[in-house]
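One structure below.
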Amino acid sequence: MNAVTTAVIDPSVERAREVAASVTDPEMPMLTLVDLGVLRSVDRDTDGRVVVAITPTYSGCPAMATMRADLECALATAGFTDVVVHAVLTPPWSTDWITDAGRRKLAEHGIAAPGTARVLKDGPIALTLTVHAPVVHCPLCGAADTERTSEFGATACKSLHRCRSCGEPFDRVKEI
Amino acid sequence: MAFFRDETQFRNVRLVELDNGDFACSVTRLLVFSTHRLAILQRLRTSRDNVLAAVAAKGVKEITYHRDYAARWLVTLACGTEQSRRRVEEALITVWPYVAELFTAHPVERRIAGSGVGVDPSTVRDEFDSVITQVFHAAELPQPAVAPAPHGGGHRDGDHTDAMAAFVGEMQSLAREHTMGVW
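Written as structure tokens, this is what we have:
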């Protein structure tokens, strides 16, 4: 799913790729940018610069500037001083790009993973007035008997839920 | 830039200036704005400008969520208690005068629509009406019969409601006091 290019084998690019892949999301630090599906490619251009492409998650997400700075800092620490970080808008990021490892790590940290994103076709987009509440399993005890308490949680990209079985509240990453 | 612009240099529609203190009002305004904006972005996905098309494709996914959220809240409030329904009815009287402006094309909008880059907002009125009709039907609300708010000046030419001055002042206060965030 992640378009981390592997066409040319250049040991230093491989190293830069490893470093970039280890950078974590500032809001959900249990996830790397690879887990989140944000890191699109790491290459070297003809001028010898390391070019990193990332995809913004949500428009206006305040974490983007931090991700960019963290990538530059991690690469500089590893000796890559000439680095360019590009934001790639197409195709738009989807929570479907969160890897299986990422989903597992979310659950291990008490955050329910998103379901499959709604596919939007060309033409007018249908209104959804009825809540198709998916069955959300409690990431803490695994019970399916949970309820959503707010459509917005700790961050705008998460909703807030509560488990009726173990009584614990938890966040869930919303599918988009 | 936005932090040091005068009130008259903002070209926004007046709908977005309305006071944010009442939940029914905020939800109604969000429904109106997101329904309009989704119809625009959905068309912008095929803009001749690649960046605009990419931003629109991303925005469509996000605004779909906000429109559904606002629509469900409007139905919940309208079909809730006597008080919540009364508050929605009052919100419609406050918000609806600013709906017509969303569909009035500025000469700049017409020009960029003509070149295949932008969207003429007057072309999305039918889609807006169709979505709002669905929401009002579910909310058992009549279509509001409220006259459009009159303009002091031209459309999207820097003419604002009384709420704008205080709003801009508050939003700019930190930047004006501590330029570049240094203190």
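The listed protein sequences correspond, in order, to chains V and E.
Quick note: the first sequence uses this note's numbering, first residue 2, plus one each step.
Quick note: the second sequence uses this note's numbering, first residue -10, plus one each step.
Glycine included, every Cβ here is placed at the ideal spot set by N, Cα and C.
Residue burial classification, residue i (beta-carbon count within 10 angstroms, cutoff 16)
i       : result
Q31(E)  : buried
H162(V) : buried
M169(E) : exposed
E159(E) : exposed
R26(E)  : buried
R18(E)  : buried
A28(E)  : buried
C74(V)  : exposed
D48(E)  : Note on residue identity: the sequence assigns Gly, not Asp, to residue 48(E). G48(E) should be labelled buried.
I82(E)  : exposed
V43(V)  : buried
M2(V)   : Legend: pLDDT at M2(V) = 47, less than 50; position of this residue unreliable, value from coordinates given subsequently. Exposed, since its Cβ has fewer than 16 Cβ neighbours within 10 Å.
K122(V) : exposed
E116(E) : buried
D172(V) : buried
P96(E)  : exposed
F81(V)  : buried
T78(V)  : exposed
P135(V) : exposed
T117(V) : exposed
P115(V) : buried
W172(E) : exposed
L163(E) : exposed
Chain E residues whose Cβ lies nearer than 7 Å to that of residue i
i       : result
I112(V) : Here the premise fails: no neighbours, minimum Cβ distance about 19 Å.
T147(V) : Those do not exist, as T147(V) stays about 19 Å from chain E at its closest Cβ, beyond 7 Å.
Identity of the residue in the options nearest residue i by Cα
i       : options                               : result
C68(E)  : H149(E), V5(E), L163(E) and A128(E)   : A128(E)
D97(V)  : A127(V), S60(V), A157(V) and D36(V)   : D36(V)
L130(E) : P96(E), A28(E), V64(E) and A102(E)    : V64(E)
P27(V)  : G154(V), A64(V) and D83(V)            : A64(V)
D11(E)  : S111(E), L66(E), D115(E) and R0(E)    : L66(E)
L90(V)  : F153(V), G143(V) and V39(V)           : V39(V)
E19(V)  : E176(V), L76(V), D123(V) and S95(V)   : L76(V)
P133(E) : V88(E), F(-1)(E) and N9(E)            : V88(E)
A157(V) : A79(V), G61(V), A21(V) and D11(V)     : G61(V)
R69(V)  : A22(V), D172(V) and T117(V)           : A22(V)
A138(E) : R34(E), D8(E), L33(E) and W85(E)      : W85(E)
V124(E) : P170(V), T131(V), P125(V) and T78(V)  : T131(V)
G143(V) : T58(V), D71(V), E152(V) and C164(V)   : C164(V)
L107(V) : P125(V), H138(V), T129(V) and T56(V)  : H138(V)
F153(V) : L141(V), G168(V), V174(V) and C167(V) : V174(V)
R119(V) : E15(V), W94(V), A17(V) and S166(V)    : W94(V)
S13(V)  : I126(V), T25(V), D46(V) and A127(V)   : D46(V)
D8(E)   : F(-8)(E), F156(E) and G105(E)         : F156(E)
H110(V) : L72(V), T25(V), E15(V) and P140(V)    : P140(V)
P92(V)  : S166(V), P170(V), K159(V) and R41(V)  : R41(V)
G147(E) : E71(E), V2(E) and A(-9)(E)            : V2(E)
T112(E) : F(-1)(E), A152(E), A13(E) and F92(E)  : F92(E)
Residues that residue i contacts on chain V, provided the C-beta gap is smaller than 8 Å
i       : result
E51(E)  : Y59, S60 and I177
L67(E)  : The sequence given here has Ala at residue 67(E), not Leu. Neighbours of A67(E) on chain V: none; closest Cβ ~12 Å, over 8 Å.
Q123(E) : L128 and L130
A127(E) : L130
Contact list for residue i against chain E, beta-carbon separation under 8 Å
i       : result
L72(V)  : Residues of chain E passing the Cβ test: none, with the nearest at roughly 21 Å.
L121(V) : V49, K50 and T53
E152(V) : Y58
Cross-chain neighbours of residue i in chain V, by beta carbon under 9 Å
i       : result
V64(E)  : L130
Q132(E) : The contacting residues do not exist; Q132(E) stays about 16 Å from chain V at best.
E174(E) : Here chain E covers residues -10 to 172 and nothing more, so residue 174(E) does not appear.
R74(E)  : Within chain V, no residue comes near R74(E); the closest Cβ sits about 17 Å away, beyond 9 Å.
Q31(E)  : L121, D123, G124, P125 and I126
Chain E residues whose Cβ lies nearer than 9 Å to that of residue i
i      : result
L34(V) : Near L34(V) there are no residues of chain E at all, since even the closest Cβ is about 18 Å away, more than 9 Å.
T91(V) : N39, A42, A43, A46 and K47
Neighbour list for residue i in chain V, Cβ cutoff strictly below 7 Å
i        : result
L27(E)   : I126
V77(E)   : Going along chain V, no residue has its Cβ under 7 Å from V77(E), so there is no contact; the nearest lies around 15 Å.
R18(E)   : Here the premise fails: no neighbours, minimum Cβ distance about 17 Å.
V120(E)  : L128
R(-6)(E) : The premise fails here: R(-6)(E) is roughly 19 Å from chain V at the closest Cβ pair, so nothing lies under 7 Å.
Cβ-heavy atom distance, residue i to the ligand FAD, below 7 Å
i      : result
A70(V) : No copy of the ligand FAD appears in this structure; indeed no ligand is present at all.
Below-8 Å beta-carbon distance, residue i vs any chain A residue
i      : result
S15(E) : Any reference to chain A falls outside this structure, whose protein chains are V and E.
- Task: Give a yes or no on contact between the stretch 45 to 61 of chain E and the stretch 19 to 27 of chain E, applying the rule of three or more CB pairs nearer than 8 Å.
- Result: yes
- Message: If contact is defined by three or more beta carbon pairs under 8 Å, each pair taking one atom from either stretch, is the stretch 64 to 78 of chain E in contact with the stretch 142 to 149 of chain V?
- Response: no
- Message: List, from N- to C-terminal side, the beta strand (DSSP E) runs of 3 residues or more that fit wholly inside the stretch 38 to 99 of chain V.
- Response: 40 to 45, 51 to 55 and 84 to 88
- Task: Indicate whether the contact test is met: 3 or more Cβ pairs, each with one atom in the stretch 20 to 35 of chain V and one in the stretch 99 to 115 of chain V, closer than 8 Å.
- Result: yes
- Message: List, from N- to C-terminal side, the alpha helix (DSSP H) runs of 4 residues or more that fit wholly inside the stretch 12 to 44 of chain E.
- Response: 12 to 33
- Message: Taking 8 Å as the cut-off, does the stretch 47 to 56 of chain V touch the stretch 71 to 85 of chain V (at least 3 CB pairs, one atom from each stretch)?
- Response: yes
- Three or more C-beta pairs closer than 8 Å, one from the stretch 138 to 152 of chain E and one from the stretch 35 to 49 of chain E: is that the case here? no
- Sequence ranges, beta strand (DSSP E) only - wholly within the stretch 96 to 123 of chain E, length at least 3: none
- Go through the stretch 142 to 172 of chain E residue by residue and report every complete run of the alpha helix (DSSP H) that reaches 4 residues or more, in order. 152 to 166
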